[in-house]
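Our numbering runs 12 ahead of the 1-based position in the sequence shown.
We put the CB at the ideal spot given by N, CA and C, even for glycine.
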Amino acid sequence: RRYWICAFCVNQHASICGGFGGEPPPGTEEFRRWNSSRQDTVSGELHSLCCCEQPKVFNDTPEQCELNKFDDMMALLQQSVPGFSQLVAVDPGFDTFTRLWCIAELVQAYLSDIPQNVCILSDDVFDMDSRDLGIYTKLAGLSISVCSASRAEDKVALFARIPCVEEFDAQLQAVIFGERGLLHKRLVGFDALHAAARSAYRVLQASSRIPEG
13 RRYWICAFCV NQHASICGGF GGEPPPGTEE FRRWNSSRQD TVSGELHSLC
63 CCEQPKVFND TPEQCELNKF DDMMALLQQS VPGFSQLVAV DPGFDTFTRL
113 WCIAELVQAY LSDIPQNVCI LSDDVFDMDS RDLGIYTKLA GLSISVCSAS
163 RAEDKVALFA RIPCVEEFDA QLQAVIFGER GLLHKRLVGF DALHAAARSA
213 YRVLQASSRI PEG
């Protein structure tokens, strides 16, 4: 099998290899995430920066920039690669669903009818007998307005693609909980919960806008 992984396939030396992005205000959740991303998860040491002399191309030159073409790349792969699908590898804390780039690609794949598969560490977090419903309520309350990106410019660029935040949020809930949703089969029984009712309402809002296969 062959996989397209943006971190490997996009030329990092032409973009972000020389820095960690702008520093968010200290004491904020954005700062915590930014600071954590700079550190080795095992040693805690700061990652080394690249000192290459490759010219950097960012959002201010959109034609040459490699960071802003995920939707075009997904469309090209869908058209040219037989059996192309999207594999979503989810971290234990399900923070994948709080990253702007990730959810933008999830919704794009869903709307493009690209088959989606999800890989999670364990189904135990969705056990109806579990007393910890934190992951479920986290997913049920997702909104792109509170999701994060490493670079403020990326957040601005992505929001510029979204004409209606409420509609996008409804689409995101359909991606996760809908009939074709990533976690639909893993969440049987949770519809009795208040959080699920909220999700169902969002999915209902999206049903008139998104064709269900």
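Assigned exposure category for residue i - 16 Cβ within 10 Å defines buried
i	result
residue 14	exposed
residue 163	buried
residue 158	exposed
residue 151	buried
residue 182	buried
residue 193	buried
residue 20	exposed
residue 17	exposed
residue 154	buried
residue 34	exposed
residue 166	buried
residue 95	exposed
residue 189	buried
residue 184	buried
Residues that residue i bridges to, as DSSP identifies them
i	result
residue 128	98
Beta-carbon proximity list for residue i, same chain, < 6 Å, skipping 5 on both sides
i	result
residue 62	29 and 30
residue 180	156 and 174
residue 98	121, 126 and 128
residue 114	108
residue 206	Residue placement at residue 206 is flagged as unreliable, the pLDDT there being 44, under the threshold of 50; the coordinate-derived value follows with that caveat. Counting only Cβ-Cβ distances below 6 Å, and skipping sequence neighbours, we find nothing.
residue 46	36
residue 32	50
Close-in-space but distant-in-sequence residues of the same chain around residue i (CB under 8 Å, 5 per side omitted)
i	result
residue 78	22, 23, 26, 27 and 69
residue 131	99, 100, 101 and 102
residue 124	86, 87 and 90
Own chain, CB closer than 7 Å to residue i, minus 5 neighbours either side, in chain order
i	result
residue 53	none
Inter-stretch contact (C-beta, 8 Å, three-pair minimum) for the region 85 to 98 and the region 143 to 153: Counting Cβ pairs under 8 Å, fewer than three are found: no touch.
Contact between the region 115 to 132 and the region 62 to 79 (3+ Cβ pairs under 8 Å): The answer is no - the region 62 to 79 does not touch the region 115 to 132, with fewer than three Cβ pairs under 8 Å.
Given 8 Å, three or more beta-carbon pairs between the region 167 to 186 and the region 100 to 108: Short answer: they don't touch.
Segments of 4+ residues assigned as alpha helix (DSSP H) that fall wholly inside the region 108 to 192: Fully contained in the region 108 to 192 are the following alpha helix (DSSP H) runs of length 4 or more, in chain order: 112 to 123, 146 to 152, 164 to 172 and 177 to 189.
Residue ranges of each alpha helix (DSSP H) within the region 20 to 83, 4 or longer: 41 to 49, all fully within the region 20 to 83.
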